[in-house]
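Since the structure comes first, as structure tokens, the remarks are kept for the end.
Residue numbers (the working numbering): 20 to 126.
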């Protein structure tokens, strides 16, 4: 008998919690619908300045008038900007870059 009481109490508690969640969900849906009506037709740009910089560099790289040396330098910059740990020194790749820069200066 005690088990049935606990089960009933648990079911009632779950029902009340679910009803609170449903009310909150409905309020959020109404707010979202209101925001969608306000901003309908307006496009939001959620790109960060870093993402915008990378896209700009890539668009410059796509220009057929960009020379090979400049293209390679821009490609290096884009790779640096796309690194996972952007603010951490990259000693391993610095040696490769120094060699790459020396090679470009000889061209």
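Beta carbons are placed, not taken as given, at the ideal position from N, Cα and C, and that holds for glycine.
On a predicted model such as this, the values are computed, not experimentally measured, just so you know.
Rounded straight-line distance, which links the Cα of residue j to that of residue i
i          : j           : result
residue 70 : residue 44  : 33 Å
residue 37 : residue 54  : 25 Å
residue 66 : residue 109 : 25 Å
For residue j and residue i, believed in contact at Cβ under 8 Å, the rounded distance
i           : j          : result
residue 84  : residue 97 : Rounded, the Cβ-Cβ distance is 18 Å, inconsistent with contact.
residue 100 : residue 79 : Incorrect: roughly 13 Å between the Cβ atoms, too far for contact.
Three-state secondary structure assigned by DSSP to residue i
i           : result
residue 83  : coil
residue 50  : helix
residue 67  : coil
residue 29  : helix
residue 95  : helix
residue 107 : coil
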